[in-house]
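First up is the structure itself, then whatever we jot down about it.
Protein chains in written order, with this note's numbering: chain A, 1 to 707; chain B, 1001 to 1209; chain C, 2001 to 2102; chain D, 3001 to 3354.
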């Protein structure tokens, strides 16, 4: 067999004929990664990119913290400060937590439901590349952006163009500086006349396309590609939470897309949507933004909740307590998440009826959240807790999320929220939810599933050092922020008066931030050394419960040598364990042999397995998006228009190539259902059925061809 | 019904053997899922328009005062009938009547183009004759962006119809079994039509009266 | 390629449905003119919205074959529709109330 | 072994933190929400403490339960495999209903407070608040319509209805001791009820990010007894004196006339000097009215960001006029390139505007 990595380049030449084509394992080369449609590789790329942006966002946070450690600090200019807090938020949300969740979903979703890939592998690659180009586009503001002060001020003597002063990292002020929330009209054409904001608007738009495509893809995957017997109520909780998340994305992204378009039209084409002088209503932006923004919070935290729901049972050696209650609670959180957006706007002067209604709906979210927390505790209760690193992070998640949840309830007390909103109390609250929640959950997932991608264990000792450093640093950073907010420190504040007495607390916060940074350094070292020297994990290092652990580690390209048949929830566990009269778990005598067989069979498929072929076209198509973005920003110039043309050309050529390329090499002999004459020619496929076909053909009885 | 139709069923059932699934083509499911999210997209645009359409104190002209209802009624009717030709194309394909399929596909694209031409003409009239541009007022911005995004959807639909027509021509046959197919494009096309049904009523008929 | 392909309308039925849609459209436009003369107000709005919803349902149900699909599919679709309507109705309601107050 | 040592270190660290935190808590902060000075802020404070104590009880129960679980059920040698319990429907109902009941209980005072605090009382005194990048302007329509900036003077024990709007972007008016926050929305009007029951100066701040110098958009509210307020209001309606020729103040007045009138207004008693209240029909930018710049209650300027804690009023004023954008990035007030003498003269003149 030839290697797959060359193939996409030659697709416009003679159509490949009936090559029976098996994906080689040696696709480690550069082009192997660039052209891959394998959900695992895409997941890994998502993961590394997300981690890279985590570091970027973290460095931004550290700069902010150095600045805020002293009152009236001049370490950063106002422009640089505003750009840094805006980009810290946007980066952590759109470029770290969302893609990190996407990394896990990509890697694990097909494995957990017993599929060979997602429904649309090339759309999956498109999502990934669109995400990457969206991130690059957003940060290209650092090089191409301008962050001008309000109209009329830019020429005022004494104001630098960016509205800062020399030094103080003022060059950073060219990045988007309207906050991740981009409130209008401050982020509109009159008050942010530079191009910085446009990079945020269009960048998030591109990232939205990536997430929307992924949402459709994952929803179809979950509904149509579960292994036989994997009924909805046998799916792991992580899959359930993924499904809820994808529906939230599906329904919330179009809303933000419109809001971003409206702002883009305002800024670049003179539309009047948010221009108050022309009758535009700035509050409309907030409604649209938070209609997306609140579901977004659950988009960020639900996957982590799913991961914790996977980790806790394994390390408690008990099934998840109240499986259906946890799922129902997750769905309820997702559903209610659409009905609470205006609680971000209690101080905007919306009517008292609206305030009361949204206050009440916000309170109700506490109920399903509580159900989850109690069920997680119920899972550990009476268990046999092995305090491995994943469990530490999972318990850290639960403990910290309780704090974030409780401070969240204090916001639903509307009048009380009039004091808290826009202060560091809110900053503390959502970091307890998103860092104490999402990030701790993600690290639980990383330690737990690291063997799945590497075949090795992440170091336990360093892992525990990492956990405790992070746990202490986290609480030292964000705990005092509650107090800071209640003492009147407003958010997004470049300077605070020393007379407010806030400085000592801010010093503590900054120290905490550096402890978190240290913990991340420990993690990076741990990752780096464990990749090379970690203990081999074997097939089932954690005595796990779900089917992704029934295949060898690292996962073979085809995932399952034989597609599994699922007979119950936690199928793998029940194949290993039965219960005695008291209901205690007893390992079946044949379990070890079964695992050895799984290991052997997993590495030696009995049948030919057809997998989706690599493709250049998702990359090509996605690469057009940033060019259109740049073109819109400079649409008044000739070369700006040229950029638009180039972008459209890239998208169209990518689309045409995509439509004419078969998902996998044709192998008609496997397809008695196909009309041979037709299929030779009309490979204009979007190939959902092809993946289905891939697994179908796995069970045909062709001999293995080894090359 | 026909051999072709059964072929599709078999594919779906094959999935069913291997997977727990909804028992339908994944691409079709994906299209429906995508379309359901489009409601939120157009809904936001319409909200935008409705919010401003009756707000006093905006710069003249309000779109509601300059609509040419007879003209728009005709173009709405044209788009509505394009849904008929679309469904006839699909029905022809189910009968495996490739020639008629191509004819109806082309007719659909042509009707869509007439609608789009009407929209361009309407924009042109509004801008040159009535002096309402994107920058006139929030309600004018909302009108242009709403109908413009709908027009963009129509344009993308026309492109897809023409590619199907072209593929059918050059390769002699279309199928609903795989990839970029008549049924998917049809779903998309009808969706664009129902969005216009709502826009026509809510934006044109109701906001003038 | 719906599973209930044999239930989908025949070509002549499609023509009849389209004729019905055309009649409804004509009715809508004439309602518009009747309202201009008679000032029916809310009644006119209700009838217009009702008629357009009817058209909406007919196109989705018959032309898009949703009527003949599995119920799960219509749940996705109507889910998005209902979500959009309810969210935006709340936004419009609260924002209109804010304008009335100020 | 290693783990327990680590946790001991962590525990000691946390303890030290809590202890030092108690000391830090004694620092007086003028922006704290915990010292309500009027009925509205008091209402918010009561609600906060109600939910705080409920949350604290839940916090202790849940975290305590978590710790007990971790200690009791940790894996020890000889520990048997656990029973495979899948759940308990009764428990699910219980821990659904209990939070729902607690929330229903806190919902009642919440909703009633929302409705009570939204609309101003009919007999409240109106002050119009207008937000600018980056300072607050106040107008007193019921006291003759004069305009002031930065410090809002109100009578003690009287409800003030702040009727607010913005000239440019969203702002958010917040004086924690008097009430919560309310946005200033361009093109719209919002209201906020303010009342101080004791005399004093209360700190405030714009809480919504409003551009470059958002952090320097601060405010003060000065609450004085009603008679003093009335006297103050009467003074505010007086015009500013034109200084005598030949005095340093007169030179400052000339500097003002030549440099500042594009944005600032002063209502003069005697306009013989040929300076109109405002040279231009429309000011280029809307700067604060300087007629009573040195009024006894107006202890701050430049969006109440100056003087800073460690400098005198005069030092700060000089620093400000020398180069405003250096103090307040993005400031609409430019560096006018005044000489030191000119600045001194302007300051001398400004201080006559009492």
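Where a beta carbon is used, it is the ideal one built from N, C-alpha and C, also for glycine.
Pick helix, strand or coil for residue i, following the three-state DSSP scheme.
i	result
residue 451(A)	helix
residue 1102(B)	helix
residue 3289(D)	strand
residue 2027(C)	helix
residue 661(A)	coil
residue 1144(B)	helix
residue 3205(D)	strand
residue 3311(D)	coil
residue 328(A)	helix
residue 131(A)	helix
residue 3083(D)	strand
residue 1078(B)	helix
residue 1063(B)	helix
residue 566(A)	coil
residue 188(A)	coil
For residue i, does the count of other Cβ atoms within 10 angstroms reach 16, so buried, or fall short, so exposed?
i	result
residue 2008(C)	buried
residue 60(A)	buried
residue 483(A)	buried
residue 532(A)	exposed
residue 170(A)	buried
residue 579(A)	exposed
residue 1026(B)	buried
residue 708(A)	The requested residue 708(A) does not occur in the structure, where chain A is confined to residues 1 to 707.
residue 3090(D)	exposed
residue 494(A)	buried
residue 3243(D)	buried
residue 568(A)	exposed
Between residue i and residue j, how many whole angstroms is the CB-CB distance? I'm expecting something under 8 Å.
i	j	result
residue 3240(D)	residue 3291(D)	5 Å
residue 2083(C)	residue 251(A)	6 Å
residue 1044(B)	residue 632(A)	Not confirmed; about 20 Å, so no contact.
residue 216(A)	residue 1034(B)	5 Å
residue 321(A)	residue 370(A)	14 Å between Cβ atoms; not a contact.
residue 64(A)	residue 85(A)	6 Å
residue 100(A)	residue 221(A)	Not quite, the Cβ-Cβ distance comes to about 19 Å (not below 8 Å), so this is no contact.
residue 3249(D)	residue 3349(D)	5 Å
residue 3417(D)	residue 3126(D)	The first residue shown for chain D is 3001 and the last is 3354, placing residue 3417(D) beyond what the model contains.
residue 113(A)	residue 235(A)	6 Å
Give me whichever residues DSSP pairs with residue i in a beta bridge.
i	result
residue 3135(D)	3132(D)
residue 604(A)	Its beta-bridge partners do not exist; DSSP assigns none.
residue 1020(B)	226(A)
residue 3224(D)	3155(D)
Would you call the segment 261-271 of chain A and the segment 1132-1147 of chain B in contact, with 3 or more CB pairs under 8 Å? Touching, yes, given that three or more Cβ pairs across the two stretches are closer than 8 Å.
Does the segment 588-598 of chain A come close enough to the segment 93-105 of chain A that 3 or more CB-CB pairs lie under 8 Å? no
Contact the segment 139-158 of chain A vs the segment 3319-3327 of chain D: 3+ CB pairs below 8 Å: yes
Should the segment 1087-1098 of chain B be called in touch with the segment 1160-1180 of chain B, which here means at least 3 C-beta pairs below 8 Å? Yes: at least three Cβ pairs fall under 8 Å.
With contact counted as at least three CB pairs below 8 Å, one residue from each stretch, are the segment 3051-3061 of chain D and the segment 3222-3236 of chain D in contact? Cβ pair count under 8 Å is below three, so no.
Would the segment 3104-3121 of chain D count as touching the segment 3145-3153 of chain D if we require 3 or more Cβ pairs under 8 Å? no
Any chance the segment 3206-3221 of chain D sits against the segment 3168-3188 of chain D, with 3 or more Cβ pairs inside 8 Å? Three or more Cβ pairs closer than 8 Å define a contact, and the segment 3206-3221 of chain D meets that threshold against the segment 3168-3188 of chain D.
Would the segment 509-523 of chain A and the segment 542-558 of chain A be scored as touching if the rule is three or more Cβ pairs under 8 Å? no
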